[in-house]
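S.K.: In terms of the numbering used here, the sequence shown opens at residue 2 and continues consecutively.
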Amino acid sequence: MAILNFTPSSMFPVTIDSARGTRVRGSVIKMQKSLNTTDPPASPGFSLCTCGRKHFLGEATTPFLPISPSYAAPSTAPNSTEVLNQLRPPKPDWYFELYGYFRSAGMERYEKEIAVYKRKLFANLVGKAETVLEIGIGAGPNIKYYNNIPNVSVLGVDPNPKMESHALKSAIEAGVKSENFKFIHAVAESMPLEDASVDAVVGSLVMCSVSDIPQTLKEIKRILKPGGLYLFVEHVAAEDGTFLRMVQNVLDPLQQVVADGCHLTRNTEDYLLEAGFKGWCRTYWIHYNKL
């Protein structure tokens, strides 16, 4: 059970001992033309935090295999509204409002538990990004981590139109001027943005819910400027053969219904490797040993 911080100091992959628990992965991927970087390796550390029903058990530093190069092709995406209606058919307002409320109020405990790790992750934006696009922005719990970025502009993409008021409220509370925040009603598979138009893309618990992960990753690469950053925190499937994986398999259909399409059993890392991002990854693995 560990949180691993990957740096480009070596090209040897890491073997992680099997452990029962839901893996949550947070990473920053840099789109760049070479693997050279002046960022120093992080120092090894250990921390123990008991967080309600979940336990963060450790932290270590180790190298990660660099990802092969690939850059986005010019956009040929269909109309974003058409894709939105196709992938996320309109639902009653009460559904959007109810889910928006639960995303706003129901995630407070989780956000407190993971705050220390998000601060480390989003610190990578300082000095490197002025235009930040967050896919699946929801109620905007990450916006407070952007307020120390000078002249930051935040774009928030979400298929739930009722999230706009929650996200705008979070932006104002975080000190982001209302004119520097824009909510975009769209899906991540087709975002109405120009190629190479943003400095950084952020995703927090998003790949579990999108309809098409490969297309979403293509869109991220398309809208990122060369040298841009993709930062993410994702929950993924537990190890095969574990009791928790069996529970996930049983609960996955229900989870998709009650959590707006969220899947419990996706192996998101495989998609990221196949997408061919280039550069370095700084990654934290957080293992939860309890439901």
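The beta carbon of each residue, even a glycine, is placed where N, CA and C say it ideally should be.
Could you check whether L126 and V158 sit closer than 8 Å to each other, using their CB atoms as the reference points?
M.R.: Translated into the one-based positions of the sequence shown, residue 158 becomes position 157. Translated into the one-based positions of the sequence shown, residue 126 becomes position 125. The answer is no: Cβ separation not under 8 Å.
S.K.: Opposite S205 in the DSSP bridges: which residues?
M.R.: Counting from 1 along the sequence shown, the entry for residue 205 is found at position 204. Paired residue(s): V234.
S.K.: Quick one: measure Cβ to Cβ for V203 and P160, integer angstroms, because I've assumed they're closer than 8 Å.
M.R.: Looking up residue 203 in the sequence shown gives position 202. Looking up residue 160 in the sequence shown gives position 159. Actually they do not touch by this definition, with Cβ atoms about 16 Å apart.
S.K.: Sorted by chain position, which residues of the same chain lie with C-beta nearer than 7 Å to N148's C-beta, five sequence neighbours on each side aside?
M.R.: In the sequence shown, residue 148 corresponds to position 147, counting from 1. Once the five neighbours on either side are set aside, the close Cβ partners of N148 are A175, G176, V177.
S.K.: Return the first residue and the last residue of the beta strand (DSSP E) that I136 is part of.
M.R.: In the sequence shown, the residue the question calls residue 136 occupies position 135. Segment 132-136, the beta strand (DSSP E) holding I136.
S.K.: By a C-beta neighbour count over all protein chains shown, 10 Å radius and 16 as the cutoff for buried, is L274 buried or exposed?
M.R.: Residue 274 sits at position 273 when you count from the first residue of the sequence shown. Flag for L274 reads exposed.
S.K.: Where do the ends of the beta strand (DSSP E) carrying S179 lie?
M.R.: On the sequence shown, residue 179 is found 178 positions in, with the first residue counted as 1. Segment: none, S179 is in no beta strand (DSSP E) and carries neither H nor E.
S.K.: Nearest to Y111 by CA position, among T132, N143, E131, is which residue?
M.R.: Here residue 111 is taken as the residue at index 110 of the sequence shown, counted from 1. Selected option, being the one with the closest Cα: N143.
S.K.: Taking the beta carbon of S48 as the centre, do at least 16 other beta carbons fall within 10 Å, making it buried, or is it exposed?
M.R.: Residue mapping note: residue 48 aligns to position 47 of the sequence shown, counting from 1. For S48, the pLDDT reaches just 29, beneath the cut-off of 50, and the residue's location in the model is therefore unreliable, although a value from the coordinates is still provided. Its Cβ having fewer than 16 others within 10 Å, S48 is exposed.
S.K.: Report all residues from its chain with a CB closer than 6 Å to the CB of D213; omit the five preceding and five following residues, and keep chain order.
M.R.: By one-based count along the sequence shown, residue 213 stands at place 212. Cβ neighbours of D213 beyond the five flanking positions: E190.
S.K.: Thinking C-beta only, is A130 closer than 8 Å to A201?
M.R.: Translated into positions along the sequence shown, residue 201 becomes position 200. Translated into positions along the sequence shown, residue 130 becomes position 129. Taking 8 Å as the Cβ cut-off, A201 and A130 qualify as a contacting pair.
S.K.: Since S210 and G262 are thought to touch, with beta carbons under 8 Å apart, how far apart are those beta carbons, to the nearest angstrom?
M.R.: As a working note, residue 210 is residue 209 in the sequence shown. As a working note, residue 262 is residue 261 in the sequence shown. That belief holds up - the Cβ atoms of S210 and G262 are roughly 5 Å apart, short of 8 Å.
S.K.: Can you grab the Cα-Cα spacing for the pair G266 / H186, in whole Å?
M.R.: Position 265 of the sequence shown, counted from the first residue, corresponds to residue 266. Position 185 of the sequence shown, counted from the first residue, corresponds to residue 186. The sequence as given places Thr at residue 266; Gly does not occur at that position. Each residue's Cα considered, the two are about 27 Å apart.
S.K.: Whose C-beta lies closer than 6 Å to the C-beta of K183 among residues of the same chain, with five residues either side of it excluded?
M.R.: Here residue 183 is taken as the residue at index 182 of the sequence shown, counted from 1. Excluding residues within five positions, the ones whose Cβ falls inside 6 Å are L156.
S.K.: How many whole angstroms separate the CB atoms of D196 and I173, which I take to be in contact at a CB cut-off of 8 Å?
M.R.: Here residue 196 refers to the residue found at position 195 of the sequence shown. Here residue 173 refers to the residue found at position 172 of the sequence shown. The Cβ separation is near 30 Å, so there is no contact.
S.K.: Whole angstroms are fine: how far does the CA of A276 sit from the CA of L239?
M.R.: Residue mapping note: residue 239 aligns to position 238 of the sequence shown, counting from 1. Residue mapping note: residue 276 aligns to position 275 of the sequence shown, counting from 1. According to the sequence as given, residue 239 is Ala; it is not Leu. Roughly 22 Å between the two C-alpha positions.
S.K.: Going by DSSP, what residues sit across from H186 in a beta bridge?
M.R.: Here the question's residue 186 lines up with position 185 in the sequence shown. BP columns for H186 point to D159.
S.K.: Confirm, please, whether the CB-CB distance from V207 to G137 is below 8 Å.
M.R.: The sequence position of residue 137 within the sequence shown is 136, counting from 1. The sequence position of residue 207 within the sequence shown is 206, counting from 1. In this structure, V207 lies closer than 8 Å to G137 by Cβ.
S.K.: Classify P215 as helix, strand or coil using the three-state DSSP reduction.
M.R.: If you number the sequence shown from 1, residue 215 lands on position 214. In this structure, P215 counts as helix in the three-state DSSP scheme.
S.K.: Could you check whether A168 and A124 sit closer than 8 Å to each other, using their CB atoms as the reference points?
M.R.: For the purposes of this step, residue 124 is taken as residue 123 along the sequence shown, with counting starting at 1. For the purposes of this step, residue 168 is taken as residue 167 along the sequence shown, with counting starting at 1. Result no, Cβ atoms of A124 and A168 do not sit closer than 8 Å.
S.K.: I need the straight-line Cα distance from V199 to E235, nearest angstrom please.
M.R.: Here residue 199 refers to the residue found at position 198 of the sequence shown. Here residue 235 refers to the residue found at position 234 of the sequence shown. Going from the Cα of V199 to the Cα of E235 covers about 21 Å.
S.K.: Under the three-state reduction of DSSP, which class applies to L194: helix, strand or coil?
M.R.: Sequence index remark: in the sequence shown, residue 194 carries index 193 (1-based). If DSSP states are grouped into helix, strand and coil, L194 belongs with coil.
S.K.: Please name the residue in M247, P215, V251, Y231 whose C-alpha comes closest to that of Y272.
M.R.: On the sequence shown, position 271 is the one that residue 272 refers to. The shortest C-alpha separation from Y272 is found at P215.
S.K.: Just to confirm, is the Cβ distance from T269 to V237 under 8 Å?
M.R.: Stepping through the sequence shown from its first residue, residue 269 is reached at position 268. Stepping through the sequence shown from its first residue, residue 237 is reached at position 236. Yes, they are a contact pair.
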